[in-house]
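Undergrad: Heads up, the sequence shown is in UniProt numbering, so the first residue is 1 and it goes up one at a time. Ideal Cβ positions, reconstructed from N, Cα and C, are used throughout, including at glycine. From a predicted model like this one, the values you see are computed outputs, not experimental measurements. Below: one structure in structure tokens.
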Amino acid sequence: MSDTQENFDFDRPIMDTKLYEILLSKIKVSLSDVDGCTSNYFNDIILECKTCIEQCLCSAMISIDSLNCNYLLSCLDNASCLLQMLSHFIRKVLASIPFVCSNMKQYPTTTGCIILSVFNHCKSSECEYGEYLTKVQRQLKELFRTCHELQLTYLMTLETHFTFDLSRADDLGVLLEVLDINLKICQVVENLDIKTMAEQWKAYTTLCDKYCKYIEDKHIYRNCVELLCEMVRSNMKNVLETCPDGAGKTVIRPVKVASFGLKILTKVCNIFKKATHNNNEIIDLLIFLNTYNASYLEIFLKKPSEITNLIEANTRAPSVALVNALVADRAFIHDVCKVNEVQCENEKFIGYLLLLTDVMRISPNNFEAPDDTRLNVMKRTFRLMSDGHVWFNVGIEMELDNKRFGPFEYALTVGSAFARTLSGDGYAALERLLLTSLLETDCYGALFAADLWILLMRSSDSELVAETASSLLEVYRSLARKPTFHRSPQTVHLTRVVRNVFGLCARRDRERILNSYKIEDHFDLWSGSTPTEVGGRQKAVGSFVTMLKGFLDNDEMENALPPVVAGGDRRADLISGTLSTLWGELRRGEADGARRCERIRRLTALTETFERFLSEEAVRKIHGTIGDLLRSGDENVAFVLFQKYCSFYERGFVDRDALSRDVFAELLHADDQIRRHAFVTLQRFERVDGVVREDPTLAGALVDREPRRRTSQFEERLRSVRGLRFRHGCLSDESPPDDADAGRPPSKRMKLSDGECEDLISRLEANVRRLSELEAEGGLSDERKSTLSNVFYKLQNILDS
């Protein structure tokens, strides 16, 4: 070899070819005869085989540099021959010598190193041989085949014949070294042959299972998890980033490898279940797999259903099985619940939510953790809901029992089933969690709590339903004393739950509750319920009519009530006439805009309650009044009434002629907030939307409407508002800090002396006695009794405060 060539090949080891040829001949002779073989002789042969096989492969590399193709083929043939002879030699020796670690320390490690070096050579052959690859293809295949044969022999001896005395430190050290070498083999064969990889991993896990109690506190579990997680992740990334449109071999192979990796990872977790674990790698992998579910792949990555179905079929069940294997460990649940929310931004939100639901789906029989630990998963789900605005609205669906659900509905269904597995104390803790979430300002957390509570009540016994309704009503009554409560998100969600749970109560329980929480006292609470829901009695309708007394000032109310109609349906006529008059009164301006808006909101709720009692004439009048209010330009009115205006036509209560072009023109050309509200409303009411589109001037305003679902514009819009949160106006940044008024004297309020209080109470008692006497003589009219009823409940509120 010239000096230039030597410099070029400086990284090749220098080898004495004569000594190599001598050693090769000697080993072939030694491997042919097993008679009289001892442990020491066997160890020496194994070491010499390792040296000679490495020299064969090294000579092959040198022959590439020297352009000696025949010598290259000879070296590869010699390596294959030695591998095959060594495999046969080991099988023959098994019959005559016991394979004990104390006598054969070289065998398990040295043979493993031989297999590792040959497989590494096969793996890098394409790069190493370059243009010679086609010429040595047959020899390389034979090299792999014979190494695979030696691998099977080696693994068989380790599993069934080789004995470690793990009370000895030396033997334990050998075992750990053997496991490390075999783990490296697992990594190498992944890219060579699936069958070989499967055999290697199965044997490896068998060894781990056999000696697990001696190696639980070692590094074996950690190394296995890191390797398997990376194997699954890299194969799935390969599918997602490079796969073609069809499910060919380039897709099927990495998906199958990932599926196998998950199954082995589950087996490893079961083997080392008593070891101390760091679960972060596995949790990240599960979030990754759940993120790229079939629905997400189809909607966002535009993958064909053939590929998404293949991925779902091969990864979903193994990932759930992995969760099953880990969930009995309290530390795993703790690690799942402490995942940083920042890590779950964007699409990872879906993956994390699915992981939480997978944990909740596990049967309580598989949990060693108590209910309070399991409930941490539900708490984490509630906290996660606030970040779900985008992903709850982009069309992603999950499958459960052959049915498709959106992420919110899916979590709700799983959460409902989870709640039914809790003990009595666990369910009580869940109720506290539901109430806490219900009274927070986060929309999705409160909505999830409300839906879950209602769902649970539908399958609960009547005693629990009645008890829950009473408890929630007591919470409502306590909060209703605060003026800000009636304009807060909490009142929306709490009222909804109360009404629904109340509707599920038995008739006797509803009557008992209504006697305790009078309709007249809790207008906001009961105004959204129909008379049927509050008892179905004639008295209930009368109570609602009486409640109108408190809607306006008493003087205004007296003017609003129409004369009693003789004959016919007196109450229906009374309701129609009263509501028509009340709506008409709203045409008059009012200095206090907030109060006016509140009156409109209450009257809207009351109208919905009595909708089925209204006459056609009353409906037309009310609809016309709403149109006039919308044309007034008051943006608060638009937010409250536009949906109601559209719903009258959408549900067939009014004719098309009743729709006013001016109303739509006013809203569609208003500022951004009102226009956006109008766009969203028109998307809900298709009939109204069709009428608007027929007008060219109005249709033009719809060009900039809200983007449709499953478009990038729609997703951008969702992202732009997902961080918005409700906050009370009195807590705004512009408000002065609490200590700003610290130096001011407290405001003076009117105070009554004890004597003045006694005088008021005495006068009240005297007036009550006089009224009782009038009633005994038949001197109180229905109207006066109604007024007294209002006074009575005001007094009751004073006593309850």
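In chain order, what residues of the same chain have a beta carbon less than 7 angstroms from the beta carbon of Ser30, not counting five sequence neighbours either side?
TA: Around Ser30: Ile45.
Undergrad: Return the residue from the list Cys127, Leu140, Thr697 and Ile181 that minimises the CA-CA distance to Ile114.
TA: Comparing Cα positions, the closest option is Ile181.
Undergrad: Relative to the C-alpha of residue 805, which candidate in Thr495, Lys256, Val93 and Lys303 has its C-alpha closest?
TA: Residue 805 lies beyond the stretch modelled for the chain, which goes from 1 to 801, so this question has no answer here.
Undergrad: Any chance the region 272-279 sits against the region 287-294, with 3 or more Cβ pairs inside 8 angstroms?
TA: The answer is no - the region 287-294 does not touch the region 272-279, with fewer than three Cβ pairs under 8 angstroms.
Undergrad: Taking the CB atoms as reference points, tell me whether Gly633 and Val663 lie closer together than 9 angstroms.
TA: No, Cβ-Cβ distance for Gly633 and Val663 is not below 9 angstroms.
Undergrad: Measuring only the C-alpha atoms, how far is Ser305 from Glu298?
TA: Cα to Cα, the separation comes out at about 7 angstroms.
Undergrad: What is the DSSP secondary structure of Glu399, reduced to helix, strand or coil?
TA: Strand at Glu399.
Undergrad: Let me confirm a value: Cys597 is counted as buried when at least 16 other C-beta atoms fall within 10 Å, else exposed. Which label applies?
TA: Cys597 comes out buried.
Undergrad: What are the boundary residues of the alpha helix (DSSP H) that includes Gln643?
TA: Taken as a continuous stretch (DSSP letters only), the alpha helix (DSSP H) holding Gln643 covers Glu635 to Glu650.
Undergrad: Would you kindly work out how many angstroms separate the C-alpha atoms of Lys18 and Cys49, rounded to a whole number?
TA: Between Lys18 and Cys49, the C-alpha separation is close to 17 angstroms.
Undergrad: Within the continuous alpha helix (DSSP H) that includes Glu666, where are the two ends?
TA: Taken as a continuous stretch (DSSP letters only), the alpha helix (DSSP H) holding Glu666 covers Arg661 to Leu668.
Undergrad: Checking 9 angstroms against the spacing of the C-beta atoms, do Leu438 and Ala419 come in under that value?
TA: Against a cut-off of 9 angstroms, the Cβ pair of Ala419 and Leu438 comes out as no contact.
Undergrad: Here's a check: name, in chain order, each residue in its chain whose Cβ is nearer than 7 angstroms to the Cβ of Ser580, leaving out the five neighbours to either side.
TA: Around Ser580: Ala618, Lys621 and Ile622.
Undergrad: Assuming Leu262 and Thr315 form a contact by the criterion Cβ under 8 angstroms, report the distance between their Cβ atoms to the nearest whole angstrom.
TA: The pair is a contact, with the Cβ atoms about 7 angstroms apart (cut-off 8 angstroms).
Undergrad: Who are the Cβ neighbours of Gln84 in its own chain at under 6 angstroms, not counting the five residues just before and after it?
TA: Excluding residues within five positions, the ones whose Cβ falls inside 6 angstroms are Thr146.
Undergrad: Given Leu561, which residues of its chain have a CB within under 7 angstroms of its CB, disregarding the five upstream and five downstream residues?
TA: In this predicted model, Leu561 has a pLDDT of only 45, less than 50, meaning its place in the structure is not dependable; the value taken from the coordinates is given anyway. Around Leu561: Thr578.
Undergrad: With 16 other CB atoms within 10 Å as the buried threshold, where does Val377 fall?
TA: Classification of Val377: buried, given that the 10 Å Cβ count is 16 or more.
Undergrad: Mind checking Thr381: buried by the 16 CB within 10 Å criterion, or exposed?
TA: Label assigned to Thr381: buried.
Undergrad: In the DSSP assignment, find the alpha helix (DSSP H) that holds Val674 and state where it starts and stops.
TA: For the sequence presented, residue 674 should be read as Ile rather than Val. Here the alpha helix (DSSP H) through Ile674 covers Asp672 to Arg684.
Undergrad: Which class does Thr163 belong to by DSSP, given the choice of helix, strand or coil?
TA: Of the three classes helix, strand and coil, the one that applies to Thr163 here is strand, per DSSP.
Undergrad: Identify, in the order they occur along the chain, each residue of the same chain with its Cβ nearer than 7 angstroms to the Cβ of Pro108, setting aside the five sequence neighbours on each side.
TA: Correct list, in chain order: Leu158, Phe162, Val174 and Val178.
Undergrad: When burial is assigned at 16 or more other CB atoms within 10 Å of the CB, is Gln137 buried or exposed?
TA: Gln137 should be labelled exposed.
Undergrad: Going by other Cβ atoms of all chains shown within 10 Å of its Cβ, with 16 needed for buried, is Gly130 buried or exposed?
TA: It counts as exposed.
Undergrad: Near Ser576, which residues of its chain fall below 8 angstroms by C-beta distance, leaving aside the five closest residues on each side in sequence?
TA: Taken in chain order, the residues that qualify are Phe613, Leu614, Ser615, Glu617 and Ala618.
Undergrad: I'd like the list of long-range same chain contacts for Ser462, defined as Cβ closer than 6 angstroms, with 5 residues on each side in sequence excluded.
TA: Ala506, listed in sequence order.
Undergrad: Tell me the residue span of the alpha helix (DSSP H) that contains Ile307.
TA: It spans Ser305 to Leu326 - the alpha helix (DSSP H) in which Ile307 sits, taken as one unbroken run.
Undergrad: Tell me whether Arg233 sits in a helix, a strand or coil according to DSSP, three-state version.
TA: Looking at Arg233 - three-state DSSP - the assignment turns out to be helix.
Undergrad: Please specify which runs of the beta strand (DSSP E), each continuous and at least 3 residues long, are wholly inside the region 161-210, giving them in chain order.
TA: Here no run is fully enclosed.
Undergrad: Select from Thr111, Lys105, Phe144 and Ile27 the residue whose C-alpha is nearest the C-alpha of Ser124.
TA: Of Thr111, Lys105, Phe144 and Ile27, the residue nearest in Cα terms is Phe144.
Undergrad: Identify every run of the alpha helix (DSSP H) within the region 243-293, keeping only runs that are complete inside it and at least 4 residues long; order them along the chain.
TA: The region 243-293 contains these whole alpha helix (DSSP H) runs: 249-271 and 280-291.
Undergrad: Could you spell out the range, first to last residue, of the alpha helix (DSSP H) harbouring Asn515?
TA: First-last of the alpha helix (DSSP H) with Asn515: Arg507 to Ser516.
Undergrad: For Val100, which three-state DSSP category applies?
TA: Strand.
Undergrad: Is it a yes or a no for the region 33-42 touching the region 95-102, going by three-plus beta-carbon pairs under 8 angstroms?
TA: Result yes; three or more Cβ-Cβ pairs closer than 8 angstroms.
Undergrad: Under the three-state reduction of DSSP, which class applies to Phe405: helix, strand or coil?
TA: In this structure, Phe405 counts as strand in the three-state DSSP scheme.
Undergrad: Would you call the region 496-513 and the region 453-468 touching, i.e. three or more CB-CB distances under 8 angstroms?
TA: Counting Cβ pairs under 8 angstroms, three or more are found: they touch.
Undergrad: Are the beta-carbon atoms belonging to Ile271 and Cys337 less than 9 angstroms from one another?
TA: It is not a contact, given that the beta carbons lie outside the stated cut-off.
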